[in-house]
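Novice:
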Amino acid sequence: MTATGEGARAYPFGPVDRLEVDPKLAEICGEQPVLRVTLPYGGDAWLVTRHADVKAVLADPRFSRAAAVGEDIPRTVATGLPSTSMLSMDPPEHSRLRRRVANSFTVRRVEALRPRVQRIVNGLLDTVIATGGPVDLTQTLTWPLPITVICELLGVPVADRDRFNVWVDGLLMLSDPVQSAQARGHLNDYLAGLVALRRTTPTDDLLGELANAEEEDQLLDEELVSLGVSLLSAGQEATANQLGNFVYTLLTRPDLWQKLVADPGLVPDAVEELSRIIPISASAGFTRIAVEDVELSGQVIRAGDAVVAELGIANRDPAVFDHPEEIDFHRGNVPHVTFGHGVHHCLGAQLARMELRVVLESLLRRLPGLRLAVPVDQISWRTNRLIRGVDALPVSW
Numbered sequence: 000m001t002a003t004g005e006g007a008r009a010y011p012f013g014p015v016d017r018l019e020v021d022p023k024l025a026e027i028c029g030e031q032p033v034l035r036v037t038l039p040y041g042g043d044a045w046l047v048t049r050h051a052d053v054k055a056v057l058a059d060p061r062f063s064r065a066a067a068v069g070e071d072i073p074r075t076v077a078t079g080l081p082s083t084s085m086l087s088m089d090p091p092e093h094s095r096l097r098r099r100v101a102n103s104f105t106v107r108r109v110e111a112l113r114p115r116v117q118r119i120v121n122g123l124l125d126t127v128i129a130t131g132g133p134v135d136l137t138q139t140l141t142w143p144l145p146i147t148v149i150c151e152l153l154g155v156p157v158a159d160r161d162r163f164n165v166w167v168d169g170l171l172m173l174s175d176p177v178q179s180a181q182a183r184g185h186l187n188d189y190l191a192g193l194v195a196l197r198r199t200t201p202t203d204d205l206l207g208e209l210a211n212a213e214e215e216d217q218l219l220d221e222e223l224v225s226l227g228v229s230l231l232s233a234g235q236e237a238t239a240n241q242l243g244n245f246v247y248t249l250l251t252r253p254d255l256w257q258k259l260v261a262d263p264g265l266v267p268d269a270v271e272e273l274s275r276i277i278p279i280s281a282s283a284g285f286t287r288i289a290v291e292d293v294e295l296s297g298q299v300i301r302a303g304d305a306v307v308a309e310l311g312i313a314n315r316d317p318a319v320f321d322h323p324e325e326i327d328f329h330r331g332n333v334p335h336v337t338f339g340h341g342v343h344h345c346l347g348a349q350l351a352r353m354e355l356r357v358v359l360e361s362l363l364r365r366l367p368g369l370r371l372a373v374p375v376d377q378i379s380w381r382t383n384r385l386i387r388g389v390d391a392l393p394v395s396w
């Protein structure tokens, strides 16, 4: 890897602003789709922004995640992922782990969960409506739902879910390696105890199924723990923030909200379009290392160079999306890369989509007059986190 080099631009170019794409980022990357940047930690990397190039980096085995494990690797976050994380593996190791758990996240299995998710949402909205408003939707709906779903899926007791919220929140801090490491340690210790219990007392939750699989399908304890941490952080943090981001976007664009009220059948298309247009990550994605020379958009990336992909800009590539800055629920096929691409495509993408659809459909049906209870400039935002999201979302109806 190359240390900080002459001519590289400091990344990020500007502070994260709500759900807006950094205008400097859009301008620079429009001119130089493969750009040399200095990341906040570890030195220089190539920043890739075109849709086709981003998909190539995410899917081409010449760009390795396993080679990006280590403290001296250029990265956007203070602490990199451990080698035991499935996100830090390449095939065949990655394939072996993913194959064990993938069946739990097929479209069929996720649809089987829909009635339970609907009951959870119904109960949360019953409580919301009983207050008469105004109410903070993050505390009453968008955060409680995902943590309940993922903990039920894994088999985490209800009484421990508040602790999980705190640990996952600390794990995804951008610039505090001590807090991030402490949070990961808490999660690892807790899940290790849960795995040990599942080994001796089988259950029908996901951890129980994996812990007591046939011998040829058995996972090591540390693999199960790492898998649990990954599912919790993605299934909770990303989904909870995106739920709030979706509602915020729709309520600050009342024409879009009313369009869905008038035609709730548009919700599946709206989920895909909002997933495309909202840049959920606060920075470029996980670093990959080129294991041989590769050319992208005329730029040769040398073996050993670090590469990061900017999904939010790729999702607005005019070569792929007509009028990319507009929100269009009639766009049809939306080949966004918000959930990734290739072997590391988000395992829980179908679960996230289903939760997003159920929440929007339920809000449109039960609270069609939903509106922000405070001016837009009074909405507070979570800062210094890997995932963008509202800190509080006061609403009335």
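All residue numbers for the sequence shown refer to numbering that gives the first Met the number 0, where the first residue is 0 and numbers rise by one. Using N, Cα and C, we set each Cβ at its ideal position, and we do this for glycine too. In this text the structure is predicted, and so the values were computed from the model without any measurement.
Quick check on the DSSP output: what are the complete alpha helix (DSSP H) runs of length 4 or more inside the stretch 148–179, in order along the chain?
Specialist: DSSP runs (the alpha helix (DSSP H)) wholly in the stretch 148–179: 160–170.
Novice: Compute the Euclidean distance between the alpha carbons of Asp-304 and Ala-44, then round it to the nearest angstrom.
Specialist: Those two C-alpha atoms are separated by around 7 Å.
Novice: Does Tyr-40 come out as helix, strand or coil in the three-state DSSP assignment?
Specialist: Strand at Tyr-40.
Novice: In angstroms with no decimal places, state the Cα-to-Cα distance between Ala-2 and Ala-58.
Specialist: Bear in mind that the predicted position of Ala-2 carries a pLDDT of just 44, short of 50, making it unreliable; the figure below should be weighed with that in mind. Taking the straight line from one Cα to the other gives about 26 Å.
Novice: Phe-285 by DSSP, collapsed to three states: which one?
Specialist: Looking at Phe-285 - three-state DSSP - the assignment turns out to be coil, as it is neither helix nor strand.
Novice: Can you have a look at Arg-113 and say buried or exposed, based on whether 16 or more other CB atoms are within 10 angstroms of its CB?
Specialist: By the 10 Å Cβ count, Arg-113 comes out exposed.
Novice: In whole angstroms, give me the CA-to-CA distance for Leu-219 and Leu-371.
Specialist: The straight-line gap from Cα to Cα measures roughly 48 Å.
Novice: Could you please give me the residues that DSSP links to Trp-45 through a beta bridge?
Specialist: Arg-35 and Val-306, per the DSSP bridge assignment.
Novice: Terminal residues of the continuous beta strand (DSSP E) containing Glu-294?
Specialist: It spans 293–295 - the beta strand (DSSP E) in which Glu-294 sits, taken as one unbroken run.
Novice: Check this for me: beta carbons of Ile-277 and Leu-18, under 8 Å apart or not?
Specialist: Cβ distance < 8 Å, so Ile-277 and Leu-18 count as in contact.
Novice: For Asp-16, name the three-state secondary structure that DSSP assigns.
Specialist: Three-state DSSP puts Asp-16 in a strand.
Novice: Quick check on DSSP: helix, strand or coil for Val-389?
Specialist: Strand at Val-389.
Novice: So, is Pro-145 buried or exposed, given that buried needs 16 or more other C-beta atoms within 10 angstroms?
Specialist: It is buried - the Cβ of Pro-145 has at least 16 other Cβ atoms within 10 Å.
Novice: Let me make sure I understand the geometry here. Which of Arg-352, Ala-111, Arg-384 and Thr-286 has the alpha-carbon closest to that of Ala-65?
Specialist: Here the closest residue by C-alpha is Thr-286.
Novice: Mapping DSSP to helix, strand and coil, what is Asp-135?
Specialist: Strand, per DSSP.
Novice: Do you know how far the Cα of Gly-207 is from the Cα of Leu-153?
Specialist: Distance between the alpha carbons of Leu-153 and Gly-207 is about 8 Å.
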